[in-house]
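Visitor:
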Amino acid sequence: MIAGLIRSISPENDLDMRRAKKSTGLADILRLLRKVSSVADEASARNDAISDILHAVCDYCEWPVGHAYLRDGDQLSSAGIWSISSTIAESTIAEFRMQSEQTVFALGQGLIGSVAANGTAVCIGDVTQKDGFLRAGSAARNGLRGCFALPVKLSGRTEGVIEFFSPDVAALDDELLELLGFVGGQVARVLEREQVLKSREQLASDFESQVQGTVGMLGAAVSQMRSALDVLGDSTEQTRTCSDGIDQAARRALSRIENVADQMETLKGQLVVVGADAAETVKTTHEIGRQARDMRDGFATLQDRAADAEKMLSSIAAIAAQTKMLGLNASIEAARVGEAGKGFAIVAKEVKALAGQSASATDEISRWMSSMLDAITQAGGDIEQIAVAMDDLQTRAEATATQTDQQAGICISVASDADAAVGEARLVGESVVEISGAIKHTDTVSNELGYAAKNLEAQGAELSTRVEGFVGKILVM
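The opening position of the sequence shown corresponds to residue 2 in the numbering used here, with each subsequent residue numbered one higher.
Now the structure itself:
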């Protein structure tokens, strides 16, 4: 077959080529196609697949040397993939192989760079005579002449170049060109699979990283949630303790405020009674004061009458003294007239005696009147003091009544405030009850969040396991 597809330039090889045509057939071509397709379908490693394809082509074409270059950016370098026939010792082509692996071709440079840039296959009858073939010297020294370079295209871009070498000078016909074009397509499938696998691995890695990151974030969120729940639990416990303390304090305060309210209500009633008594006392003291002032005025009149009585006594005493003088004069005249005046002397004597008695009675009455006047004066002074005291008592009673009214008003206001405080204390108690209900609700929510955190953690672990399994399945597909 190879003789029918690749013709040696030398005449001595024409006979061999005609004989080869007779001994080959369609079965060999199909065998090569199946082999290459099978390798492209089943091989898992890129280098192994390309190596197997090179071996299959070299065996079919009976070309002893096959080699692959792969593209990296705008350069092509040796992939280190060789197919060397057992009929050639590796030491024989060691120089050519080393130079091939060390040489890097830019696009358009040398044979490899030109094939990559143009995207078309090239057949060189004798590379040792080819201008621009960078490895011509080592090829000549290692006995290599004929060369065929095949581009490996993927999505219109040359991703690699496969080259084959023979010790003979050769040419490539159309049938082999078409066949090797198929081979290049299979190598392209291998590279495509590698790219797909790399892309799949990258996607799987990115997906796994993202999922694991999400799971990690979920774990961190769960951890933070648990920490928050712990803090919330501590706060709830402190709130519960404070609420219990507030409830007890509110109950005690409510009891005390109710007692104060009751006592203020009692005090209010007593102050009302005291106020009424004070008003009555003011009225009584006012009446007594009035009576004392009337008595004081009466005693003043009595003192005036007593003074008049003293004047009358003074007049009576003067009359008594005159009467005595008249009796004395009458006795003197009676004695002077002698016997004729004896009767008149008796009258004079009686007048003198009566004047003496009048003077004595007048003195007695004067002493009694003086004593009575002193008593009246003293009583008047006492009555005056009583009147003043009653006026002062009335003023104090009025002040007491006013203060009592004020205190009653204050007591009423305090009682009202106490009633309001009772209502507020009861509202506080109701608020404490609501707080207790809220704390219970918070406990319920905290427990639900705790269960949710556990479920999230379990789901995160399950998700991580499933993702690992999913990624594993993707990578083995």
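Glycine included, C-beta positions come from ideal geometry on N, C-alpha and C.
Of all the options 128, 148, 273, which has the alpha carbon lying nearest to the alpha carbon of residue 401?
Guide: By 1-based counting over the sequence shown, the position of residue 401 is 400. Nearest of 128, 148, 273 to residue 401, Cα basis: 273.
Visitor: Along the chain, where does the alpha helix (DSSP H) containing residue 140 start, and where does it finish?
Guide: Residue 140 sits at position 139 when you count from the first residue of the sequence shown. First-last of the alpha helix (DSSP H) with residue 140: 137-142.
Visitor: Compare the C-alpha of residue 254 against each of 384, 170, 428, 119 and name the closest.
Guide: The count along the sequence shown starts at 1 and reaches residue 254 at position 253. Residue 254 has its Cα closest to that of 428, out of 384, 170, 428, 119.
Visitor: Whole angstroms is fine: what's the gap from residue 215's alpha carbon to residue 226's?
Guide: The count along the sequence shown starts at 1 and reaches residue 215 at position 214. The count along the sequence shown starts at 1 and reaches residue 226 at position 225. So the two alpha carbons sit approximately 16 Å from each other.
Visitor: Taking residue 184 as the reference, give the member of 228, 267, 51 with the closest Cα.
Guide: What you label residue 184 is simply residue 183 of the sequence shown in a count that begins at 1. Among 228, 267, 51, the Cα nearest to that of residue 184 belongs to 51.
Visitor: According to DSSP, what are the bridge partners of residue 73?
Guide: The residue given as residue 73 occupies position 72 in the sequence shown. 76.
Visitor: Report the option in 380, 243, 363 whose CA atom is closest to the CA atom of residue 299.
Guide: Position 298 of the sequence shown holds residue 299. Of the candidates 380, 243, 363, the one whose C-alpha sits nearest the C-alpha of residue 299 is 380.
Visitor: Alpha carbon to alpha carbon, how far is residue 47 from residue 162? Give it in angstroms, no decimals.
Guide: For the purposes of this step, residue 162 is taken as residue 161 along the sequence shown, with counting starting at 1. For the purposes of this step, residue 47 is taken as residue 46 along the sequence shown, with counting starting at 1. Residue 162 and residue 47: Cα-Cα distance of roughly 14 Å.
Visitor: Distance, Cα to Cα, residue 118 vs residue 69?
Guide: Translated into positions along the sequence shown, residue 118 becomes position 117. Translated into positions along the sequence shown, residue 69 becomes position 68. Their Cα atoms are separated by approximately 16 Å.
Visitor: Bridge partners of residue 167, per DSSP?
Guide: In the sequence shown, the residue the question calls residue 167 occupies position 166. In DSSP, residue 167 forms a bridge with 147.
Visitor: Spatial neighbours of residue 150 within its chain, please: C-beta separation below 6 Å, excluding the five flanking residues on both sides.
Guide: Your numbering for residue 150 matches position 149 in the sequence shown. Within the same chain, residue 150 has close Cβ partners 112, 116, 123, 162, 164.
Visitor: Suppose you measure from the CA of residue 519 to the CA of residue 453; what does that come to, to the nearest Å?
Guide: Any question about residue 519 goes unanswered here, given that the chain covers just 2 to 478.
Visitor: Can the beta-carbon of residue 109 be found closer than 9 Å to that of residue 152?
Guide: Numbered from its first residue, the sequence shown carries residue 109 at position 108. Numbered from its first residue, the sequence shown carries residue 152 at position 151. No, these two residues do not count as a Cβ contact at 9 Å.
Visitor: Report the rounded CA-to-CA distance for residue 154 versus residue 88, giving the unit in angstroms.
Guide: By 1-based counting over the sequence shown, the position of residue 154 is 153. By 1-based counting over the sequence shown, the position of residue 88 is 87. Approximately 31 Å between the Cα atoms of the pair.
Visitor: Measure the CB-CB distance between residue 66 and residue 187 and report whether it falls below 9 Å.
Guide: Counted from its first residue, the sequence shown places residue 66 at position 65. Counted from its first residue, the sequence shown places residue 187 at position 186. No, the pair does not count as a contact, with Cβ atoms beyond the cut-off.
Visitor: Roughly how many angstroms lie between the CA atoms of residue 94 and residue 44, to the nearest whole one?
Guide: Counted from its first residue, the sequence shown places residue 94 at position 93. Counted from its first residue, the sequence shown places residue 44 at position 43. Roughly 28 Å separates the two Cα atoms.
Visitor: Does the Cβ-Cβ distance between residue 480 and residue 190 come in under 9 Å?
Guide: With the chain running from 2 to 478 in the structure shown, residue 480 is simply not present.
Visitor: Determine the direct distance from the alpha carbon of residue 234 to that of residue 201, and round the result to whole angstroms.
Guide: Counting from 1 along the sequence shown, the entry for residue 201 is found at position 200. Counting from 1 along the sequence shown, the entry for residue 234 is found at position 233. In a straight line, the C-alpha of residue 201 is about 47 Å away from that of residue 234.
Visitor: Compute the Euclidean distance between the alpha carbons of residue 130 and residue 76, then round it to the nearest angstrom.
Guide: Position 129 of the sequence shown, counting from 1, holds the residue named residue 130. Position 75 of the sequence shown, counting from 1, holds the residue named residue 76. For residue 130 and residue 76, the distance between alpha carbons rounds to 25 Å.
Visitor: Assuming residue 145 and residue 128 make a contact with CB atoms under 8 Å, what is their CB distance in whole Å?
Guide: As a working note, residue 145 is residue 144 in the sequence shown. As a working note, residue 128 is residue 127 in the sequence shown. Going by Cβ atoms, the distance from residue 145 to residue 128 rounds to 7 Å, so yes, they are a contact pair.
Visitor: Kindly indicate which three-state DSSP category residue 121 falls into: helix, strand or coil?
Guide: Numbered from 1 along the sequence shown, position 120 holds the residue referred to as residue 121. Looking at residue 121 - three-state DSSP - the assignment turns out to be coil, as it is neither helix nor strand.
Visitor: For residue 106, which beta-bridge partners are listed by DSSP?
Guide: Here residue 106 corresponds to residue number 105 of the sequence shown, with the count starting at 1. Paired residues: 77.
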